[in-house]
Amino acid sequence: MEQIFITDLDGTLLNSSGYLSYESEQILQDISAGSPHKVGFATARGLTSAAKVIQHVSWNFPVVLNNGAVIYDWQAQRILKIKGIEASFVEIVLKLGEEKGISPFVFTLNENFEEGIFFQEHPSKGLQYFMNMRPSDPRFIAVNQLEVAAANWETQSLVMMFIEDYDTLVPLKLHLQEQYGDDLTCLLMQDQYIPDLFVLEVSSAKATKENAIAYLQEHYAIQGKDLHLFGDNLNDKGMLELEANTYAVGNAHPVILALAQHKIATNDQDGVAQTIKRVVNQAL
């Protein structure tokens, strides 16, 4: 029976340096290119960022980008579904951030599938650190007034990302959840690559990994017994609650370790790829 494998990237499939090991790459490529089984991923990354680290695998199942805002057919290179944040909520989040003296990145996507990461001039140290990790990335676009720019651009706002200290972000997250929880999803996590700072990601409540995967399940008539999901962090919690075979890498957040049905080797031990290889061999 054909098996479907969907893995998170950072902290799960990728190693602690943020890259795909040669061994994992070879295993996944052999399966995706030479077997009836399907391999995809679900990540907070956008297409450009994801492609830099996993482009040598022939992903033969649609992938989930921007934490569920975009579903993308990797082989056909086309968008299957997109769900951005409504303009009115972008304005609300920006105003609330301004009241607290903070400003986010706004990840966007236009009709030509051109990505942008807009930010206000004089970014915080967290945003600057994020940019320093991606030197010469053409997606970064500085604007004088982010709120004014957002009100006028002809593009989809996919995710708004604040990078600040924990105590600054918690009140904003709680306020957004209380007032706009039916329309917005807020994920607060410690970043794996940015020391001492936390990330608050705001997106449409309909744009989640679990909603995207549920859509693919329905579209391709996938039964839970044939679906395998891998994660490590809190933004994977929803998808690991789906009816499926669920796996947490050994380095996962305690909540994820407690939730998943199976605990596997860590991301630095090729846990995901080795598990997929084992399941595929058992299915032969």
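This note's numbering puts the first residue of the sequence shown at -7, with every later residue one more than the last.
Quick reminder that beta carbons are idealized off the backbone N, C-alpha and C, glycines included.
> Ends of the beta strand (DSSP E) at residue 238?
Replying inline: For residue 238, the enclosing beta strand (DSSP E) covers residues 237 to 241.
>> Based on DSSP bridge pairs, tell me the residues matched to residue 156.
In response: In DSSP, residue 156 forms a bridge with 190.
> On the three-state DSSP scale, how would you describe residue 126?
Replying inline: coil
> From this set, 124, 230, 26 and 18, which residue's C-alpha is nearest residue -6's C-alpha?
Replying inline: Here the closest residue by C-alpha is 26.
>> Any contact between the segment 204 to 217 and the segment 252 to 267? By contact I mean 3 or more CB pairs, one from each, below 8 Å.
In response: no
>> Here's a check: name, in chain order, each residue in its chain whose Cβ is nearer than 8 Å to the Cβ of residue 113, leaving out the five neighbours to either side.
In response: 134, 135 and 136
> In whole angstroms, what is the alpha-carbon distance linking residue 66 and residue 51?
Replying inline: 6 Å
> Near residue 63, which residues of its chain fall below 8 Å by C-beta distance, leaving aside the five closest residues on each side in sequence?
Replying inline: 54, 55, 56, 57, 71, 72, 73, 74, 204, 207 and 208
> Of all the beta strand (DSSP E) runs that stay within the bounds of the segment 174 to 221, which reach a length of 3 or more residues?
Replying inline: 176 to 182 and 190 to 196
> How big is the Cα-Cα spacing for residue 271 and residue 218?
Replying inline: Residue 218 has its alpha-carbon roughly 11 Å from the corresponding atom of residue 271.
>> For a test of the three-state rule: what should DSSP assign to residue 107, helix, strand or coil?
In response: strand
> Excluding five sequence neighbours on each side, which residues of the same chain lie with their C-beta closer than 7 Å to the C-beta of residue 141?
Replying inline: 110 and 135
> So, is residue 59 buried or exposed, given that buried needs 16 or more other C-beta atoms within 10 angstroms?
Replying inline: Residue burial is scored here from C-beta neighbours: residue 59 has at least 16 other C-beta atoms within 10 angstroms and is therefore classed as buried.
> Which residues mark the beginning and the end of the alpha helix (DSSP H) in which residue 26 is found?
Replying inline: 14 to 26
>> On the DSSP letters alone, give me the boundaries of the alpha helix (DSSP H) that residue 271 sits inside.
In response: 263 to 275
> CA-CA distance, residue 145 and residue 76?
Replying inline: Distance between the alpha carbons of residue 145 and residue 76 is about 13 Å.
>> Could you pull the DSSP bridge partners for residue 44 from this structure?
In response: Beta-bridge pairing links residue 44 to no other residue.
>> For residue 1 and residue 42, which I take to be in contact (beta-carbon distance under 8 Å), what is that distance rounded to the nearest angstrom?
In response: 7 Å
>> Using DSSP's beta-bridge definition, name the partner residues of residue 63.
In response: Its beta-bridge partners are 56 and 73.
> Can you name the start and end residues of the beta strand (DSSP E) that residue 135 belongs to?
Replying inline: 132 to 135
> Using DSSP with H/G/I as helix, E/B as strand and the rest coil, what is residue 94?
Replying inline: coil
> For the candidate residues 35, 49 and 151, whose alpha-carbon lies nearest to that of residue 79?
Replying inline: 151
> Going by the CB atoms, is the gap between residue 138 and residue 95 shorter than 8 Å?
Replying inline: In this structure, residue 138 lies closer than 8 Å to residue 95 by Cβ.
> Using the C-alpha atoms, what's the distance from residue 183 back to residue 24?
Replying inline: 30 Å
> Excluding the five sequence neighbours on either side, which residues of its own chain have a C-beta within less than 7 Å of the C-beta of residue 12, listed in chain order?
Replying inline: 5, 6, 45 and 46
> In whole angstroms, what separates the C-alpha of residue 91 from that of residue -4?
Replying inline: 45 Å
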